[in-house]
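The structure appears right after this line, and notes come after that.
Residue numbers (the numbering used here): 539 to 756.
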C-alpha cells in the first residue's frame, strides 16, 4: 500500500485534481514554519504511513486547523493519539488546504477480482458511504457511455443533475476522470492491485480527490 501522498501524487499525474498540500517529512517539537509553506488556512493534518489506511480510527488526522499555532498543537495531538492506539507513529505528515462543501461526494474503487478481472465500484461517498445503500459495480474495461449509465443508477446522481435549483455538474469532466482511473488500472505496467478514492469531491466545474489510496502488486 502506498501512503496517501504517494497515491494522490499518482492520481494527480494521471489528471485528477488534488488539494494543495505541503509535505512535512520530519516533524519535531522544534518545528518551524518554512518558506515553502504557502497554504491557505484552514488546513487539515494527516500522518503519512503505508501501514494505516483509516486514519480516523487511530486519531491520525485533524481537520479545520485555523492558524499556524493550531497546526503546531495538532502535530502533538496526533502523535499522542497514534502512540496511544499502539500503531507505529511516523513523523511524516501531509498538510492540505481544506475544501469547501461540494455538491456531492463519490466513493470510487477499483480492484482486481480473480474471477472477473478489474472491477469498479461507484457509490455515495464520505459519511454517506456507510449510511445508505447506494452503489453500482462495473466490470472493466468500460466505455464512457457505460460509466455514464452506471453513474445514473446512483441515488446521488440526482444531486449531479441540478437538484432543487442547484447547478448541474460538468458530467463530461467527471466521466473523463473516471475513465482516466480505469485506463490507469488496466495498464499492466502500472501494476495496480486496488485504488480507493473516498471521497471524490464533485463540484459543478471540478472534481477533487480529497482522500485516496493505491495498492500495487508486489
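Just so it is clear, CB atoms sit at the ideal spot from N, CA and C, and this is done for glycine as well.
Check, Outcome
"Determine the extent of the beta strand (DSSP E) in which residue 635 is found, giving its start and end residues.", "631-635"
"In the structure shown, what three-state DSSP assignment does residue 677 receive?", "strand"
"Would you say residue 558 and residue 643 are within 7 Å of each other, going by their C-beta atoms?", "no"
"Measure from the C-beta of residue 553 to each C-beta in chain D and report whether the shortest distance is under 7 Å.", "Among the chains of the structure shown, chain D does not appear; only one protein chain is present."
"What is the DSSP secondary structure of residue 653, counted as helix, strand or coil?", "coil"
"Considering just the uninterrupted stretch of the beta strand (DSSP E) at residue 723, what are its terminal residues?", "Here residue 723 belongs to no beta strand (DSSP E); instead the alpha helix (DSSP H) covers 709-724."
"Under 8 Å by Cβ, that's how I've got residue 670 and residue 687 pegged, so tell me the actual separation to the nearest angstrom.", "With a Cβ gap of about 21 Å, residue 670 and residue 687 do not count as contacting."
"Among 543, 540, 542 and 556, whose alpha-carbon lies nearest the alpha-carbon of residue 715?", "556"
"Going by CA-CA distance only, name the one from 632, 713, 654 and 707 that's closest to residue 684.", "713"
"Output needed for residue 613: all residues of its chain with C-beta closer than 6 Å, excluding positions within five of it in sequence on either side, in chain order.", "565"
"Assign residue 542 to buried or exposed, taking buried as 16 or more other Cβ atoms, counted over all protein chains shown, within 10 Å of its Cβ.", "buried"
"Relative to the C-alpha of residue 610, which residue among 701, 620, 633 and 621 is closest?", "633"
"In whole angstroms, what separates the C-alpha of residue 723 from that of residue 665?", "26 Å"
"As a quick exercise: from 631, 594, 607 and 650, pick the residue whose alpha carbon is nearest that of residue 623.", "594"
"Using a Cβ distance threshold of 8 Å, determine whether the stretch 747-754 contacts the stretch 731-738, with at least three qualifying pairs required.", "yes"
"How far does the beta strand (DSSP E) with residue 736 in it reach, from first residue to last?", "730-740"
"Could you pull the DSSP bridge partners for residue 646 from this structure?", "660 and 735"
"Could you have a look at residue 607 and say whether DSSP puts it in helix, strand or coil?", "helix"
"Mapping the DSSP letters down to three states, classify residue 575 as helix, strand or coil.", "coil"
"What is the residue span of the alpha helix (DSSP H) that residue 560 lies within?", "No alpha helix (DSSP H) holds residue 560; the beta strand (DSSP E) holding it covers 559-562."
"If you follow the alpha helix (DSSP H) that residue 548 is part of, which residue opens it and which one closes it?", "542-551"
"Which residue wins for smallest C-alpha separation from residue 549, given the options 720, 743 and 590?", "720"
"Got a sec, what are the start and stop residues for the alpha helix (DSSP H) residue 745 sits in?", "Where residue 745 is concerned, there is no enclosing alpha helix (DSSP H), although the beta strand (DSSP E) it sits in stretches over 745-747."
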